[in-house]
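The structure under discussion appears below in the form of structure tokens.
Protein chains: 2
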Amino acid sequence: MSELETLILHGHYGTPNPLKVMILLEELGLPYKHVQVDITKVKEEPYTQLNPNGRLPTLEDPNTGLVLWESAPIVEYLVDTYDKAGRLTLRSFPESYHLKQFLALQSSGQGPYYGQWVFFARYLPGEAVAIARYKDQLLRVWSVLDKILEGKEYLVGGKCTYADLSFVAWEDGMRVKFPEFGLEKRASEYPNYNAWYQRLIARPAVAKALRINREEMAKAAAK
Amino acid sequence: MSELETLILHGHYGTPNPLKVMILLEELGLPYKHVQVDITKVKEEPYTQLNPNGRLPTLEDPNTGLVLWESAPIVEYLVDTYDKAGRLTLRSFPESYHLKQFLALQSSGQGPYYGQWVFFARYLPGEAVAIARYKDQLLRVWSVLDKILEGKEYLVGGKCTYADLSFVAWEDGMRVKFPEFGLEKRASEYPNYNAWYQRLIARPAVAKALRINREEMAKAAAK
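Residue numbers (numbering that gives the first Met the number 0), protein chains in the order written: chain A, 0 to 222; chain B, 0 to 222.
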């Protein structure tokens, strides 16, 4: 795919949704640049000209002229456009809809709840009731996925798809960037879930995206 | 479409995501039944056999054999399958992805935040910090949509689509079911947003879905 122009991912090393897209970009072997947007200026121009919602990420694809925000449709766009062989998707019925179902669970049921925990724990650590609520929600998501994954390697159709991969970024954020939550230890209580997660992060493209993310963080910390 | 078998929507009158699907079912003129699931047993069998995530809604379509949960992919499935004429969608590029973008904003940015407000306001009214946070988030979503809708009747492509319609159910929930929040009055501060919302609820199919929802509520209250 060397004839492709470089895709521009507007994101930030410290927030998981751009990393969710990076994992797909790496899996699909696409040329891309991760532009670090100043997180304190994300709700101001010029960024809001790209994304009036003032959130990260936004993808610009010069190959098609598309500007798209919200990580879930970006993932779908990348797979529709650049995974013609269907390596990371299932185009059969009903599997294609079950993939969308799990992507929706991730983007409306995992991301927002994990995000609320991080918000309260980091900025309002005195809000014990809210923090406990979101911890319960995280463990509930783990428990649901643990049951779904019983006897299975992947969520749908026996192969790794974009739906599985979409869960990695927030999970990594919670386990690695917030070691004080002790989630790495708790994970062994959810063996199917944890084995699946280890299987996903062992993939070379996922490992590479996570490594790049660590390097971006280290570079920012050294400034 | 009288040859179609009745679709089964597993939901509950008191929560907005099933209503989001009902609005699409009404718009598409599909035969359906809204089965009221006992909300206190949603995380138990037999419902979790249908939806292991224990949330509402789940759609069963006997015409295709599909069982699908998460309201956003259900909306996409209904449009893909039963809106062949493209009355409520745009299948051109890049509009088709912009519709997905707004559906994602609704399902990951509107629904979860409105839902957190309702949760704290109803069950933990002493949690003032959390309640203020989610009120700010709601007004932020209004302000973003108000700007996007400046000079426009609808979000994408100058016509009403599933993306516009997906916002109605939560908005109705907040304005009508929680009059104590005073949102009906505040809405006039966001004129483009409010005009768009009034345009949507004036549609006969939307009005019908909202009326059925009120009847379901009244019937449950009379028990």
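The C-beta atom is built at its ideal place from N, Cα and C for all residues, glycine as well.
I think residue i touches residue j, with their Cβ atoms under 8 Å apart; what is that distance to the nearest whole Å?
| i | j | result |
| --- | --- | --- |
| Thr88 of chain B | Val78 of chain B | 5 Å |
| Gln100 of chain B | Pro72 of chain A | 5 Å |
| Tyr81 of chain A | Leu27 of chain A | 5 Å |
| Ser70 of chain A | Val20 of chain A | 6 Å |
| Ala103 of chain B | Ser106 of chain A | 6 Å |
| Phe177 of chain B | Val117 of chain B | 7 Å |
| Tyr133 of chain B | Gln115 of chain B | 5 Å |
| Leu138 of chain B | Tyr112 of chain B | Actually they do not touch by this definition, with Cβ atoms about 10 Å apart. |
| Lys146 of chain A | Pro51 of chain B | 6 Å |
| Ser142 of chain B | Tyr196 of chain B | Between Tyr196 of chain B and Ser142 of chain B the Cβ distance is about 14 Å, and since that is not below 8 Å, they are no contact. |
Spatial neighbours of residue i within its chain, please: C-beta separation below 6 Å, excluding the five flanking residues on both sides.
| i | result |
| --- | --- |
| Pro61 of chain B | Glu4 |
| Pro15 of chain B | Ala168, Trp169, Gly172 |
| Ala120 of chain A | Ile130 |
| Thr47 of chain A | Gly53 |
| Ala204 of chain B | Glu25, Glu26 |
| Trp68 of chain A | Asn50, Thr57 |
| Pro124 of chain A | none |
| Ile38 of chain A | His11 |
Leaving out the 5 sequence neighbours to the left and right, which residues in its chain are closer than 8 Å to residue i when beta-carbon positions are compared?
| i | result |
| --- | --- |
| Thr160 of chain B | Leu87, Thr88, Leu89, Leu98, Tyr153, Leu154 |
| Glu149 of chain A | Asn191 |
| Met0 of chain A | Unreliable positioning characterises Met0 of chain A in this predicted model, as indicated by a pLDDT of 49, which lies under 50. A coordinate reading is not provided. |
| Ser187 of chain A | Asn193 |
| Leu6 of chain B | Leu24, Leu29, Pro30, Tyr31, Lys32, Leu58, Glu59, Asp60, Pro61, Asn62 |
| Glu215 of chain B | Tyr12, His33, Gln35 |
| Glu183 of chain A | Arg174 |
| Gly157 of chain B | Lys151 |
| Glu94 of chain A | Val155, Gly156 |
Can you list, in chain order, the residues of its chain whose CB lies under 7 Å from that of residue i, leaving out five sequence neighbours each side?
| i | result |
| --- | --- |
| Leu55 of chain B | His9, Gly10, His11, Thr14, Asn16, Pro17, Val36, Val41 |
| Leu49 of chain A | His9, Thr57, Val66 |
| Ala220 of chain A | none |
| Ala208 of chain B | Leu18, Met21, Ile22, Glu25 |
| Ala162 of chain B | Leu98, Phe101, Leu102, Leu154, Val155 |
| Glu2 of chain A | none |
Give the DSSP bridge partners of residue i, in chain order.
| i | result |
| --- | --- |
| His33 of chain B | B:Leu8 |
Kindly list, in the order they appear in chain B, the residues whose Cβ is closer than 7 Å to that of residue i.
| i | result |
| --- | --- |
| Gln100 of chain A | Leu67, Trp68, Glu69, Pro72 |
| Ala129 of chain A | Glu126, Ala129 |
| Glu43 of chain A | Chain B residues near Glu43 of chain A: none, gap ~13 Å exceeds 7 Å. |
| Tyr225 of chain A | This structure cannot speak to residue 225 of chain A, because chain A is shown only from 0 to 222. |
| Leu104 of chain A | Asn52, Glu69 |
| Pro111 of chain A | Ser107, Pro111 |
| Pro15 of chain A | In chain order: nothing, as chain B lies at least about 13 Å away. |
Mind listing the chain B neighbours of residue i? Cutoff is C-beta to C-beta under 9 Å, in chain order.
| i | result |
| --- | --- |
| Ile147 of chain A | Pro51, Asn52 |
| Leu123 of chain A | Val128, Ala129, Arg132 |
| Pro178 of chain A | Correct list: empty, because the minimum Cβ distance to chain B is about 25 Å. |
| Pro61 of chain A | Near Pro61 of chain A there are no residues of chain B at all, since even the closest Cβ is about 13 Å away, more than 9 Å. |
| Pro203 of chain A | Result: empty, since nearest Cβ-Cβ is about 28 Å, beyond 9 Å. |
Can you pull the chain A neighbours of residue i, defined as C-beta to C-beta under 8 Å?
| i | result |
| --- | --- |
| Val143 of chain B | Pro51, Asn52, Gly53 |
Report the neighbours of residue i on chain A: residues whose CB is nearer than 7 Å to its CB, in chain order.
| i | result |
| --- | --- |
| Gln48 of chain B | Chain A residues near Gln48 of chain B: none, gap ~11 Å exceeds 7 Å. |
| Pro56 of chain B | In chain order: nothing, as chain A lies at least about 12 Å away. |
Please list, in chain order, the chain B residues whose beta carbon lies closer than 8 Å to that of residue i.
| i | result |
| --- | --- |
| Gln136 of chain A | Within chain B, no residue comes near Gln136 of chain A; the closest Cβ sits about 10 Å away, beyond 8 Å. |
| Pro30 of chain A | Neighbours of Pro30 of chain A on chain B: none; closest Cβ ~20 Å, over 8 Å. |
| Gln115 of chain A | Gln115 |
At a cut-off of 6 Å, would you count residue i as near the ligand ADP, judging by its Cβ distance to the nearest heavy atom?
| i | result |
| --- | --- |
| Leu209 of chain A | Among the ligands in the structure shown, none appear at all, so the ligand ADP cannot be discussed. |
Residue i touches chain A at which residues, Cβ-Cβ below 9 Å?
| i | result |
| --- | --- |
| Pro190 of chain B | Here the premise fails: no neighbours, minimum Cβ distance about 17 Å. |
Problem set entry | Whole runs of the beta strand (DSSP E) within the region 35 to 94 of chain B, excluding any shorter than 3 residues | Taking only runs of at least 3 residues, the beta strand (DSSP E) segments lying wholly in the region 35 to 94 of chain B are 57 to 60, 65 to 68.
Problem set entry | Every unbroken alpha helix (DSSP H) within the region 161 to 204 of chain A, with a cutoff of 4 residues, ordered by chain | The region 161 to 204 of chain A contains these whole alpha helix (DSSP H) runs: 161 to 165, 167 to 175, 182 to 185, 190 to 200.
Exercise. Which ranges would you report for the alpha helix (DSSP H) in the region 111 to 143 of chain A if only whole runs of at least 4 residues count?
Worked result: Counting only runs of 4 or more, we get nothing.
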